[in-house]
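Student:
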Amino acid sequence: MIIDFSKIEEQYIQAFKGGNGQLCTRNFVDEDNKIMMSELAPGANIGYHKHEINSEIICIISGKGYVDFEGIKENVAAGSIHYCPKGKSHALFNNGEEVLKYFAIVGEHH
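For what it's worth, numbering that gives the first Met the number 0 labels the leading residue of the sequence shown as 0, then goes sequentially.
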């Protein structure tokens, strides 16, 4: 199965998960996974949140920023992969001057 993100409508979300700024995202969702191609504007962040029933893998495509993972700052840039297991918390920040583009998979744990 091929997922063509160019055929999925863009969504613009302000203050995603209680963060600041704008997130632009294209999402494929089924009962087992949420697969996202997203962009976080400069100075924006995804708010700190806990993955109660799922986990998330984020692959940074371009830009730079950092993740707050359980209170630990982890710098990310193109090629970085961040993993947030079920039961853990994190936030993603774009502290760069360009868009932070990333691909993410949120796997549901039934």
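Here a beta-carbon is modelled for each residue, glycine too, at the ideal position from N, C-alpha and C.
1. Any contact of the segment 26 to 40 with the segment 90 to 105, i.e. 3+ C-beta pairs under 8 Å?
2. Give the range of the beta strand (DSSP E) segment to which E107 is assigned.
3. Which residue spans inside the segment 66 to 95 form an unbroken beta strand (DSSP E) run of at least 3?
4. Should Y11 go down as buried or exposed, given a rule of 16 or more other Cβ atoms within 10 Å for buried?
5. According to the neighbour-count rule (16 or more other Cβ atoms, all chains shown, within 10 Å of its Cβ), is E30 buried or exposed?
6. Considering S54, what are the terminal residues of the beta strand (DSSP E) in which it resides?
Tutor: Concretely, from the data shown:
1. yes
2. Within the sequence shown, residue 107 is the residue found at index 108, counting from 1. L99 to E107 is the extent of the beta strand (DSSP E) around E107.
3. Correct list: 71 to 76, 80 to 83 and 88 to 92.
4. As a first step, residue 11 is located in the sequence shown; it is residue number 12 there, counting from the start. Counting Cβ neighbours within 10 Å, Y11 comes out exposed, since fewer than 16 surround it.
5. As a first step, residue 30 must be located in the sequence shown, where it is residue number 31. Classification of E30: exposed, given that the 10 Å Cβ count is below 16.
6. Position 55 of the sequence shown, counted from the first residue, corresponds to residue 54. Element bounds for S54: N53 to S61.
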